[in-house]
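Enquirer:
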Amino acid sequence: MRKITISILAIFILANIISITNFAGVYKAHAINGSVDLTDYDFGKKKVVDLDGQWELFKNNLLSPEELKNMSSHTYLTIPGDLKSQLNGQTTGYMTLRLRIKAKDGVVYGLRISKMLSASKVWINGVLQGTVGKIGKSYEAEKAIYLPTYSYFTSNNGEVEIVIETSNYRDLFPIIRSMQFSTKDNIMNEFLLNVSVDLVILGSLLVLELLNLFIFKKVKGNKASLYFSILCLLVQLRCLFLNERIIIRFFPNMPYELMSKTAALTYYLWIPIYVLFIREIFKDIPKKLTVLSLGFSLLFSFICIVTEGPFYDSLSYIGEGFLALIIISMLIFLVNKVIKKERYSGVSLLAFIFIIATALNDVLVNNGVSYSRYGFQIGMFMFAILETYVIAIRYSDEVAIIEKLKVENKIIYENSIRDGLTKLYNRDYIDSILDIMIEDYKKYNSKFSVLMIDVDFFKAINDKFGHPYGDEVLINVSKAIENSLRPTDYAGRYGGEEFIVILPNTNKEKAKEISETIRQNIKDIYLKNGDIVTVSGGLYENDTYIKQQCIENADKLLYIAKNAGRDRIAV
C-alpha cells in the first residue's frame, strides 16, 4: 500500500509540475496609460512578461497603425479583464487596442496571444503580423476563429508598438487574457512546451485507451474498460480543441461554431460516461444519479448541437448548476465507499478529486474569473492513470478467477472422463476416441490398433484376498499399462477387470511390441502370497468401418488367448 501511495504522490507532483510550468517565471508588467518600460528587464533571468495593465482603447473604431500615428486615447482597457465590467455592460462590438513598449534594440522579441475575442488583426511596429478570423462590425460580418498567435520582431528606435483590431459577437462572456512578451527563444519555448504537454497527454491517453480496449475485448462483459476508453477519447478531443488548439493549425478555416460546440460536447458527454464507468466499478450507485447525468447530457448536448453559440452560452449557469449537483452526489457516494473501506474506493475518490479541481478551474476560466489555461485534460490524465490502476487490478482479479475456473473445469472434465478407481479413461470416453479413429480410417485410411486386456483369474484374487485388495491390484495393473504406453496412446477401463488400449497410427507389428511390454510389466506385480499377476490380451489392427465390429474382433482374440492358456497376447 505504501508503494502505491508513493507512486500516486509522484504522479501528482509530476502533473502539477507540468501544469504550472507554463506560468513559472512569468513577470506581470503594469502598463500605465498604454505604455510600459521593459528596457532594463532581464529576459534571460525572468523569462516571460505578461503585458498586463492599461492598453489604449479606441472603442467602435478599427484603426490601422498608420491611422493611429497622430491619435491618442484617454480611455483604457485593463488586461486581463472582461469587457462587460469595463464597457458599461457591453459585451459585443469592435475596437482597436494599442500598447507601446520601451525595449532594447538589437534583440529579436516574440509575442504570444492565446486568445483575442472572436477575431483579430495584429500589427507590430506598423507591420501586419497576422489575422485570426475576420473582424466585423456585426454578427453577420464577423468570422470567428480561436487560435493562439505567435509573432517575432525587433524594436524600432527602442520602442515596440502593438496595435490590435478586434471584434466580438460570439462570446457571451468575453474576456481578454494576458499576452506574453519575451525574446523569440523564450516565446518559441512557450509554444513548444504548451504543445508538448498536449501531445504527451494525447499520446498517453491513446496508449491507455488502446490498453483498455484490449481488456474489453479479452474479458467479456467488462464495460468499465469500454467506458474508460470513451472517456479518454473525449479528453483527446478536448486537447485538440483547447489551449494551443492543435486541430485549428491543421484546419485553419474550421468554423468557430464547430470548434466551440465540440469543446462543449466533450464536457456534456463526459459526465454520463463517467457515471456509467463508476457504476461498473461500484454496482450500487444510485439510479437517480445515473438518470440525472444521462438526462443532463442528452438535454444540453441537444441544445448545444441545434442552437447557436450565444444561446447555449446563456444557459451555461444552469448547466453548471446541474453539474454541481452531479459532482456533489458523486462525491458523497465515493466518500461513503471510502468510509466503508470498499476496494478501489480510495483510488477512485482521489481520481475524482483531480477531475473536480481541474473542472472547476475550467469553469472559472470559461467565465472569466480565472485567466489560467484550461486544465481539465491534466485532471483527466491523472484520473486515467489512477483508474487504469483500478482496471488493471480488476482485470488481474478477473483473469485469476477465469484461470481458477479453467482449472476447476478441467478437473471436473477430467473426472468426468476418468474411471473413479484406476484413473484411466472410462468406457464412454474410450468409445468417443474410437469413433474418431474409425472416422479417420474412413477418410484418410489412418491405421490404428486396439488391445483388449483381461486380468487372469481375477475372481479368485477377490475371493482369496477380498475386494479392497482386488481394487489395489487393478490400480497397479492400470499404472503398469500407462507406464508402457506412448503419449499419443489411450488406455481405459472397459469394465470390471477388463482394460482397452487404443494405439493410433500403429500397425500390427509395432502394436505387438507395445502389447508384450504391457504384459511383461504387469508380470512384475506380485500378490500377497508371492504369485505374479498375469493378463491375457487380444490385439487387433483395425480393418473395418464399424466401431462395434472393431471391439468384437479384439474381444474374440482376447478369448482365444484365454483359451490358449492365458498370460499371452493373441494377434
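The sequence shown runs -12 to 558 under our numbering.
Every residue, glycine too, gets a C-beta built ideally from N, C-alpha and C.
Note that the structure is a prediction, hence the values are computed from the model and not measured.
#1: Measuring only the C-alpha atoms, how far is Leu472 from Glu459?
#2: Give the range of the alpha helix (DSSP H) segment to which Arg631 is assigned.
#3: Please state if the CB of Thr345 and the CB of Gly333 are separated by a distance shorter than 7 Å.
#4: Since I believe Arg266 is in contact with Thr277 (beta carbons under 8 Å), could you give me their beta-carbon distance rounded to a whole number of angstroms?
#5: So, for Phe368: in the same chain, excluding its five sequence neighbours on each side, which residues have a beta-carbon less than 6 Å away from its beta-carbon?
#6: Using 10 angstroms around the beta-carbon of Ile202, count the other beta-carbons present and answer buried if the total reaches 16, otherwise exposed.
#7: In or out: Gly208 buried (at least 16 other Cβ within 10 Å) or exposed?
#8: Tell me whether Val144 is buried or exposed, calling it buried when 16 or more other Cβ atoms sit within 10 Å of its Cβ.
#9: With distances taken from CA atoms, which of Leu213, Val522, Gln77 is nearest Ile440?
#10: Quick one: what does DSSP say Met166 is sitting in, helix, strand or coil?
#11: Taking only runs of the beta strand (DSSP E) that begin and end inside the stretch 350 to 414, which ones reach a length of at least 3 residues, in chain order?
#12: Just checking, does the stretch 153 to 168 make contact with the stretch 36 to 52 on the three C-beta pairs under 8 Å criterion?
#13: Expressed to the nearest angstrom, what Euclidean distance is found between the alpha-carbon atoms of Ala106 and Phe320?
#14: Can you tell me whether DSSP reads Gly457 as helix, strand or coil?
#15: So is Lys543 buried or exposed if we call it buried at 16+ other beta carbons inside 10 Å?
#16: Can you list the alpha helix (DSSP H) stretches of 4 or more residues lying completely in the stretch 472 to 522, in chain order?
#17: Below 7 Å between beta carbons: does that hold for Tyr412 and Ile423?
#18: Does the structure place the stretch 389 to 401 close enough to the stretch 210 to 227 that three or more beta carbon pairs sit under 8 Å?
#19: Tell me, please, which residues DSSP counts as bridged to Asn155.
#20: Using the Cα positions of Ile4 and Asn57, report the straight-line distance between them to the nearest angstrom.
#21: Grab the span of the alpha helix (DSSP H) containing Asp441 for me, first residue to last.
#22: Would the stretch 369 to 383 and the stretch 428 to 448 be scored as touching if the rule is three or more Cβ pairs under 8 Å?
#23: By how many angstroms is the C-alpha of Asp271 removed from the C-alpha of Asn155?
#24: Closest to Phe160 by C-alpha separation, out of Leu74, Trp42, Ile538, Met175, would be which residue?
#25: Under the three-state reduction of DSSP, which class applies to Tyr14: helix, strand or coil?
#26: With DSSP as the reference, identify every bridge partner of Asn143, one or two as the case may be.
#27: Kindly indicate which residue of Lys102, Ala478, Glu127 has the alpha-carbon position closest to the one of Val119.
#28: Any idea what DSSP makes of Ala90, helix, strand or coil?
#29: Would you tell me roughly how many angstroms separate the C-alpha atoms of Thr475 and Leu490, rounded to the nearest one?
#30: Could you tell me which residues DSSP puts in a beta bridge with Ala541?
#31: Can you check whether the C-beta of Val109 is within less than 7 Å of a C-beta belonging to chain B?
#32: Can the beta-carbon of Val150 be found less than 7 Å from the beta-carbon of Arg85?
#33: Taking 6 Å as the cut-off, is the C-beta of Tyr527 nearer than that to any heavy atom in the ligand GDP?
#34: What does the Cβ neighbour count give for Lys324, buried or exposed, with the cut at 16 atoms within 10 Å?
#35: From Leu25, Ala551, Ile343, pick the residue whose C-alpha is nearest to that of Lys91; which is it?
#36: Taking its Cβ as the centre, do 16 or more other Cβ atoms sit within 10 Å of Asp443, making it buried, or is it exposed?
Expert: In short, the structure shows the following:
#1: Going from the Cα of Leu472 to the Cα of Glu459 covers about 21 Å.
#2: This structure gives no information on residue 631, because the portion of the chain shown stretches from -12 to 558.
#3: No. Outside cutoff.
#4: The Cβ separation is near 6 Å, so the contact holds.
#5: If the five residues before and after Phe368 are omitted, its C-beta is found closer than 6 Å to the C-beta atoms of Ile188, all from its own chain and listed in chain order.
#6: Looking at its Cβ environment, which holds 16 or more other Cβ atoms inside 10 Å, Ile202 is buried.
#7: Classification for Gly208: exposed.
#8: The amino acid occupying residue 144 in the given sequence is Asn; Val does not appear at that position. So Asn144 ends up on the exposed side.
#9: Out of Leu213, Val522, Gln77, the CA that lies nearest to the CA of Ile440 is found in Val522.
#10: DSSP places Met166 in coil when its eight states are reduced to three.
#11: List check, beta strand (DSSP E) in window: nothing returned.
#12: Under the three-pair Cβ rule at 8 Å, the stretch 153 to 168 counts as touching the stretch 36 to 52.
#13: Roughly 44 Å between the two C-alpha positions.
#14: In the three-state reduction of the DSSP assignment, Gly457 falls in the helix class, which pools H, G and I.
#15: It counts as exposed.
#16: When DSSP assignments are scanned along the stretch 472 to 522, the uninterrupted stretches of alpha helix (DSSP H) that are 4 or more residues long and fall wholly within it turn out to be 495 to 509.
#17: Not a contact, by the Cβ cut-off of 7 Å.
#18: Counting Cβ pairs under 8 Å, fewer than three are found: no touch.
#19: Per DSSP, the beta bridge partners of Asn155 are Gly80.
#20: At Ile4, the pLDDT of 45 sits below 50, so the modelled position is not reliable and the matter cannot be decided from this model.
#21: Premise fails: Asp441 lies in the beta strand (DSSP E), 435 to 442, not in any alpha helix (DSSP H).
#22: Between the stretch 369 to 383 and the stretch 428 to 448 there are fewer than three C-beta pairs closer than 8 Å, too few to call the two in contact.
#23: The straight-line gap from Cα to Cα measures roughly 48 Å.
#24: Among Leu74, Trp42, Ile538, Met175, the Cα nearest to that of Phe160 belongs to Leu74.
#25: In this structure, Tyr14 counts as strand in the three-state DSSP scheme.
#26: Within the DSSP bridge table, the entry for Asn143 names Glu146 as partners.
#27: When each option's Cα is compared against that of Val119, the closest is Lys102.
#28: In the structure shown, Ala90 sits in coil (DSSP, three-state: anything other than H, G, I, E or B).
#29: Computed Cα separation, rounded: 8 Å.
#30: None; Ala541 has no bridge partner.
#31: Annotation note: the requested chain B is absent from the structure, which comprises a single protein chain.
#32: Cβ distance < 7 Å, so Val150 and Arg85 count as in contact.
#33: Looking at this structure, you won't find the ligand GDP or any other ligand, since it has none at all.
#34: That one is buried.
#35: For Lys91, the nearest C-alpha among the options comes from Leu25.
#36: Buried, by the Cβ-count rule.
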